[in-house]
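Below: the structure, in structure tokens.
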DNA sequence: TCAGTTTTTGACGGTTCGTCAAAGGAAGGT
DNA sequence: ACCTTCCTTTGACGAACCGTCAAAAACTGA
């Protein structure tokens, strides 16, 4: 029956509407400044209808975070296709992450909001699994590049450091820096004006420390950065 | 008058009691699982009395986080007195942080809880200032060691990287790693069994990348770690 | 013992959450 | 045109929690 098909589509569409409206409200007034009643009102539906789609506010944030990870993933995919050496391609991933944080800082925040235990407890395992899967594919791209570097002979990790370990290190450094810069006054003042530059510099130091060739001193990475921006993110206004 | 003096002491003592009880409850049931009524009940005081000390739950968490930073600071101070080269002393700081995270993971969580905007908005500027000051002194110790390294000729940072930048990098890497390991399932699986070892290894790579002497390859840092543990944290059971 | 002062209490109004019985509406049959 | 059945939408409602504040209790010194 064609009708039920149409209805299904309408439902899905409404899910998108709710997310869009909620996103705007969260950005305007913060997580705690938004009530389900207000979301319902802004959607021009009643509360019960909203609850039909999402069993609570936390699930909405989770869905928003999942959308954000999806967009990050597509940025990573573009970056991974950059034509260059393994270390240059990793740099492209770093730039993709930076673009995401810079252009959609609010979505980066949704990602961070997932912390408080309230989230974990109230969100259905299904949705959590969905989210984890998306994150997984982002990490897979990074790990893939690390492995490429190893198999091409650009990178020789110590015996006690796996490709995953290494990916974790880069992730920690990058995420930690953006997170602290966004949440901690003191860290913000330490980082100085341009966190993105700082992160790039530190990531290079980390890669140098593990001997990922070409080393920072032996290559014009400023030029690489420019090429990444021109080729991978031509639409980005900086 | 001696009486008012005694009362002041009693009040202070009660503040400590409230914090201890609240800490236990938060650990048991999470931030959202604890109500002011429950805290009051567990303290065997009425709600009004609790509100006389703390105007809301957020302030309690903030106070707990501040206590945690204080303890971290005293660990840092001990670590900074370690007899050794500048890089070894920095390693002692890293070990101090690791000890804190390992031994009091719940307090590390209080530190992280400060994120949600709800906190910032509801907590008095005074208490926030107090917290910031404590963090400040922790960072001061780290920056001091970096500067020592520079002045002793062990470390020569590039022109565009300040001592603060560098401290920020180490902080990001370390904090990011422990934070992710604690909050993100995927990250936990990447990090492997021993995050502390991973963080040490990555921090060494970062320091190597900036050329902080002695380099990882030219020094027995396993031995240094052992000495740090013996001398600085003899009470720690690992 | 008592009046004055301080501290403690818990009932209360206000807000938000999440539910659910009832109202509303579409599709199909007579 | 009207009715029946089934699905969707609604918003009033109970429960939980917050933070306040007037009244009660406790304490103080005379």
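Residue numbers (this note's numbering), protein chains in the order written: chain A, 16 to 253; chain B, 16 to 253.
Beta carbons: idealized from backbone N, C-alpha and C, even for Gly.
Only a predicted model underlies this, so the values are computations on that prediction, with no experimental measurement involved.
Contact between residue 222(A) and residue 102(A) holds, with the beta-carbon distance rounding to 6 Å and staying under 8 Å. Linking residue 64(A) to residue 129(B) through their CA atoms gives a straight-line distance of about 33 Å. In the structure shown, residue 66(B) adopts helical secondary structure according to DSSP, grouped into three states. At a cut-off of 8 Å between beta-carbon atoms, residue 234(A) makes no contact with chain B.
Residues of chain B with a Cβ closer than 7 Å to the Cβ of residue 200(A) are, in chain order, 147.
Take the alpha-carbon of residue 76(B) and the one of residue 137(B): they are about 11 Å apart. In the three-state DSSP reduction, residue 50(B) falls in the coil class, being neither helix nor strand.
By the C-beta density criterion, residue 199(A) is buried, having at least 16 other C-beta atoms within 10 angstroms. Listed along the chain, the chain A residues whose CB falls inside 7 Å of the CB of residue 225(B) are 220. Neighbours of residue 142(B) in chain A, taken as residues whose beta carbon is under 8 Å from its own, are absent, since the nearest beta carbon is some 14 Å off.
Contact annotation: residue 183(A) and residue 213(B) have beta-carbon atoms nearer than 8 Å.
In the structure shown, the three-state DSSP call for residue 248(A) is coil. For residue 195(B), the residues of chain A that pass the 9 Å Cβ criterion are 183, 186, 187, 190, 191, in the order they occur in the chain.
For residue 138(B), the closest Cβ of chain A is not nearer than 8 Å. For residue 45(B), there is no enclosing alpha helix (DSSP H), since its DSSP letter is neither H nor E.
Of the candidates 139(A), 160(A), 111(A), the residue whose Cα lies closest to the Cα of residue 123(A) is 111(A). In this structure, residue 188(B) keeps its C-beta atom at 8 Å or more from the C-beta atom of residue 152(A).
Separation of residue 98(A) and residue 251(B) (C-alpha to C-alpha, rounded to the nearest whole angstrom) is 50 Å.
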